[in-house]
Amino acid sequence: MRALKSLVSMLSAPRVPRDPAPSRLAYRMERLWLTPAFRHAVRVGMPVMAVLMAGIVWLSDADRREAMSARLSELRESFENRPEFMVGLIAVEGASPAVDSAIRQMVPFQLPVSSFRLDLDALRARIERIDAVARAELAIRKGGVLQVQITERQPVILWRTAGGLEMLDETGHRVATLLDRTARPDLPVITGEGADAHVPEALAILRAARPIAARIRGLVRVGERRWDIVLDGDRRILLPQDGAIEAVRRVVAIDRAEDLLGRAISVVDLRNPGRPTLRLAPERVAQFTSSDVEVTGQ
Amino acid sequence: MIDLYQSQRAMRNMRRAALQRGVIAILDVGTSKIACLVLQFDGPEEPREDGLGSLAGQSQFRVIGAATTRSRGVRFGEIETIGETERAIRTAVQAAQKMAQTRVDHVIATFSGARPRSYGLAGEVELTDGQVTEHDIARALAACELPDFGAGREVLHAQPVNFAIDHRTGLNDPRGHVGNRLAVDMHLLTIDARVVQNLLYCINRCDLEIAGLASSAYVSGLSSLVEDEQELGAACIDLGGGSTGISIFYKKHMIFADSVRLGGDHVTSDISKGLQISMAMAERIKTIHGGVHATGMDDREMIEIGADSGDWEKDRRQISRTELIGIMRPRVEEILEEARAMLDAAGFDQLPSQQIVLTGGASQVPGLDMLATRILGQNVRFGRPLRVRGLPQAATGPAFSSAVGLCLFAANPQDEWWDFEIPAERYPVRSLRRAMKWFRDNW
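From first to last, the protein sequence lines are chains A and B. When we follow our numbering, the leftmost residue of the first sequence carries the number 1, and every step to the right adds one. When we follow our numbering, the leftmost residue of the second sequence carries the number 1001, and every step to the right adds one.
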């Protein structure tokens, strides 16, 4: 029994007392590992670096880069071209037929088109460049409809130029060209260089002259600074640069009191507010000078 | 002397840097175990309403790592085999670091050996401008006449313990007092320089910076004496493995320290020799069955002291506990008598209170209190270290009183001589000033 025991102890590994002390290297490594900066660098910095390096190495090959970009664009294409993103119809609302067709011709792409490709802002700017369109609102509605809500400009006045008749809105912006004056007999006419820039003033003058509207043929901008009212029979009312509306009111008042415009007068000159002047019609001048009518006052 | 001044100062600065970083290690290099504690300083706690703090203001640190390992290569508290001790220190530091989950770079070390020797120094200076300033204290400390403590010895502690102004003595802090003469008593503790050199070498080999050194007798007194005992006079006897440290405290200062080069390991080796068993077995039966006071019951309590020799008779030996006590008691008596002799030589019987506190691993022998009372006098008690925050239960025993005391030392060090500026030789300045004065008076 004892012999067996000693045999067993001989066969088993020789007992070397284990040294619990860490080796110098292990000790240093552990201290290094317990250093916060180093620990952070290993746990966060190194994985990040490794991933970045792998990515850079993979991308350094031109063929792979090309293949990846092709694949990416293909993916993008297939996603964009899904039926739920396609726009197949344009609905224009609030536009006259001419403007409607103009807008439809203006759309720079073939329908159907993916809504990702639509640049609604650019399209809106483009539509608003049409003179007849005051404001356009674009929206893509459910069901692939591009809805264009148009607010048109309303023509309020005609501007006769050497080129023809232009319809202007109340701000003086061009709406469209009118080929035939008789198509819009309801609109007053203005003419003269730079008249379109003073449409609001012209409209105010016309509003003030409404009592004599039947006689008015139109307004003429003279010297790009003041207005003349042209009446039937080629008679004129010359308005001052400042206070034109008051002058018109004055003429209207005199006309109502004295029937001024019913008389043979060719020009009513109000350019100098302190000194309004009348010019007789030339055929009546001879008659006036031959008789001995005493003229008093102004 | 200036050399030492500079190196101690460098250590002080290192300690300050470590406290700023917040983590410092405590290393107790003993004969039977090496303990390493990792302290975390997280600033002073918020003051309570009554102005007191918990643990008498000692709670500004926390123990976050603690490890103990069997000491190797140390005898009589002195490093004998540098490589072995270095490995043991590495083991303890690594385990403590692992528990603390942080790296420590600064370490404060204590050791019990190196033949400490105490000197009482006195210095006296005239006060130039009435009131005592820090500079005057430094001058008074510099005026102490250094004894010839021999070549190859270094100053470990140099603590001013008492200040006197004219005829008023017993001042703790003389700054601001007015008088003509300032006298200082200083306690100087010198140790063998080569022992310290070995310890520093070991610690440097572990990539640690040394931020302070303390005598183990001093720090175990710090942790195991209560405040009253330190004030009224008490001796702390730290019964360690390889040496027994003795420190006497009076008015909250250590006034004497010495060590007996005998300890618990000698008891173990006595048992080993007397019973012819291995040291490990002797240590085992000493800790399990040991004692110093035999009773009739102990005759019947038989202890198996097996061996692995293969001889039936030898392997089946039994001894009674009385026999074991008979081996242990003379050695323990010898240690205590040596300590008694040292206390007598130091004039311990002159102190108002003569409390003796036994601490250290070897103070756990059952029955030691009765033996100690017979040899040391009636005022004997056992001391355990102060409780500090975060200290594991395993490290609260008397064997850890020097480690815990070192924690307190790290947190609140006593002012030492090198904490004051060296008074510059101010003669040139003064003569220039005199010349200026002469000019001003005579022109």
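The beta carbon of each residue, even a glycine, is placed where N, CA and C say it ideally should be.
Name the DSSP beta bridge partners of residue i, please?
{"i": "Val1357/B", "result": "Cys1236/B and Arg1381/B"}
{"i": "His1106/B", "result": "Glu1209/B"}
{"i": "Ser1007/B", "result": "Note: Ser1007/B sits in no beta bridge, so no partner."}
{"i": "Glu152/A", "result": "Val133/A"}
{"i": "Val1332/B", "result": "Note: Val1332/B sits in no beta bridge, so no partner."}
{"i": "Arg1012/B", "result": "BP columns for Arg1012/B are empty, so no partner."}
{"i": "Leu280/A", "result": "Ile265/A"}
{"i": "Val1365/B", "result": "Answer by DSSP bridge pairing: none, since Val1365/B is not bridged."}
{"i": "Asp1415/B", "result": "In DSSP, Asp1415/B forms no bridge with anything."}
{"i": "Arg1062/B", "result": "Gln1040/B"}
{"i": "Phe1420/B", "result": "According to DSSP, Phe1420/B bridges with nothing at all."}
{"i": "Arg1117/B", "result": "Thr1190/B"}
{"i": "Ser1247/B", "result": "Cys1236/B and Ala1257/B"}
{"i": "Thr177/A", "result": "Glu166/A"}
{"i": "Ala1067/B", "result": "Cys1036/B"}
{"i": "Phe1111/B", "result": "Val1029/B and Ser1215/B"}
Please state the DSSP three-state secondary structure of residue i.
{"i": "Leu25/A", "result": "helix"}
{"i": "Leu1391/B", "result": "coil"}
{"i": "Trp227/A", "result": "strand"}
{"i": "Glu1124/B", "result": "strand"}
{"i": "Val48/A", "result": "helix"}
{"i": "Trp1443/B", "result": "coil"}
{"i": "Glu170/A", "result": "coil"}
{"i": "Ala1257/B", "result": "strand"}
{"i": "Arg1426/B", "result": "Legend: pLDDT at Arg1426/B = 47, less than 50; position of this residue unreliable, no value from coordinates given."}
{"i": "Arg1072/B", "result": "coil"}
{"i": "Phe1041/B", "result": "strand"}
{"i": "Lys1033/B", "result": "strand"}
{"i": "Val145/A", "result": "strand"}
{"i": "Asp1136/B", "result": "helix"}
{"i": "Glu1080/B", "result": "coil"}
{"i": "Gly163/A", "result": "coil"}
{"i": "Asp1129/B", "result": "coil"}
{"i": "Gln287/A", "result": "helix"}
{"i": "Val1226/B", "result": "coil"}
{"i": "Arg1433/B", "result": "helix"}
{"i": "Glu1318/B", "result": "Note that residue 1318/B is Gln in the sequence shown here, rather than Glu. Here Gln1318/B sits in strand by DSSP."}
{"i": "Trp1438/B", "result": "helix"}
{"i": "Gly1405/B", "result": "helix"}
{"i": "Arg18/A", "result": "coil"}
{"i": "Leu34/A", "result": "coil"}
{"i": "Leu1027/B", "result": "strand"}
{"i": "Ser1215/B", "result": "strand"}
{"i": "Leu158/A", "result": "strand"}
{"i": "Gln298/A", "result": "With a pLDDT of 48 at Gln298/A, under the threshold of 50, the modelled position of that residue is not reliable, and the figure given next carries that caveat. Three-state result, Gln298/A: coil."}
{"i": "Thr1396/B", "result": "coil"}
Pull up the CB-CB distance for residue i and residue j, whole angstroms please, since I reckon it's below 8 Å.
{"i": "Phe1348/B", "j": "Ile1248/B", "result": "6 Å"}
{"i": "Val1063/B", "j": "Val1388/B", "result": "6 Å"}
{"i": "Lys1286/B", "j": "Ile1271/B", "result": "6 Å"}
{"i": "Asp131/A", "j": "His173/A", "result": "7 Å"}
{"i": "Gly1367/B", "j": "Gly1291/B", "result": "5 Å"}
{"i": "Ala195/A", "j": "Arg235/A", "result": "Contact doesn't hold; Cβ gap of about 20 Å is too wide."}
{"i": "Ser1160/B", "j": "Asp1415/B", "result": "A quick correction: the sequence has Pro, not Ser, at residue 1160/B. Indeed they touch by this definition, with Cβ atoms about 7 Å apart."}
{"i": "Val1184/B", "j": "Ala1140/B", "result": "4 Å"}
{"i": "Arg1205/B", "j": "Glu1086/B", "result": "5 Å"}
{"i": "Gly94/A", "j": "Ile150/A", "result": "5 Å"}
{"i": "Ala21/A", "j": "Thr1091/B", "result": "4 Å"}
Could you check whether the Cβ of residue i sits closer than 8 Å to any Cβ belonging to chain D?
{"i": "Arg1103/B", "result": "Of the protein chains in the structure, A and B, none is chain D."}
- [ ] Enumerate, from N- to C-terminal direction, the unbroken alpha helix (DSSP H) stretches of 4 or more residues contained entirely within the region 83-142 of chain A.
- [x] Correct list: 97-106 and 120-128.
- [ ] Using a Cβ-Cβ cut-off of less than 7 Å, list which residues of the region 25-42 of chain A approach chain B; keep chain order.
- [x] Answer in chain order: Tyr27, Arg28, Glu30, Arg31, Leu34 and Thr35.
TODO: Would you list, in sequence order, the uninterrupted beta strand (DSSP E) runs of no fewer than 3 residues that lie entirely inside the region 1261-1309 of chain B?
DONE: Every unbroken stretch of the beta strand (DSSP E) spanning 3 or more residues and falling wholly within the region 1261-1309 of chain B is given here in chain order: 1302-1304.
Open item on the list: To test your reading of the DSSP string, which unbroken alpha helix (DSSP H) runs of 4 or more residues are found completely within the region 1141-1188 of chain B?
Closed with: None, since the region 1141-1188 of chain B contains no complete alpha helix (DSSP H) of that length.
- [ ] Identify each residue in the region 1184-1209 of chain B for which the Cβ-Cβ distance to at least one residue of chain A is less than 9 Å, and report them in chain order.
- [x] Listed by position, the residues of the region 1184-1209 of chain B near chain A (Cβ gap below 9 Å) are Arg1205, Cys1206 and Asp1207.
Open item on the list: Along the region 1074-1092 of chain B, where does the CB come closer than 7 Å to a CB of chain A? Name the residues.
Closed with: Against chain A - using a Cβ distance shorter than 7 Å - the residues of the region 1074-1092 of chain B are Arg1087, Ala1088, Arg1090 and Thr1091.
Open item on the list: Which runs of the alpha helix (DSSP H) at least 4 residues long sit entirely within the region 179-237 of chain A? Give them in chain order.
Closed with: Taking only runs of at least 4 residues, the alpha helix (DSSP H) segments lying wholly in the region 179-237 of chain A are 199-208.
- [ ] Select from the region 83-100 of chain A all residues with a C-beta closer than 7 Å to any C-beta belonging to chain B, and list them in chain order.
- [x] Residues of the region 83-100 of chain A with a C-beta less than 7 Å from any C-beta of chain B: none at all.
TODO: Closer than 9 Å, Cβ to Cβ, to anything on chain A: give me those residues from the region 1339-1356 of chain B, in chain order.
DONE: Cβ proximity to chain A below 9 Å picks out nothing from the region 1339-1356 of chain B.
Task: chain A contacts made by the region 1060-1072 of chain B, where a contact means CB separation under 9 Å - done: For the region 1060-1072 of chain B, which is checked against every Cβ of chain A, the residues closer than 9 Å are Thr1069, Arg1070 and Arg1072.
Open item on the list: Tell me which residues of the region 1222-1252 of chain B have at least one Cβ-Cβ distance to chain A shorter than 8 Å, keeping chain order.
Closed with: For the region 1222-1252 of chain B, the set of positions with a beta-carbon nearer than 8 Å to some beta-carbon of chain A is empty.
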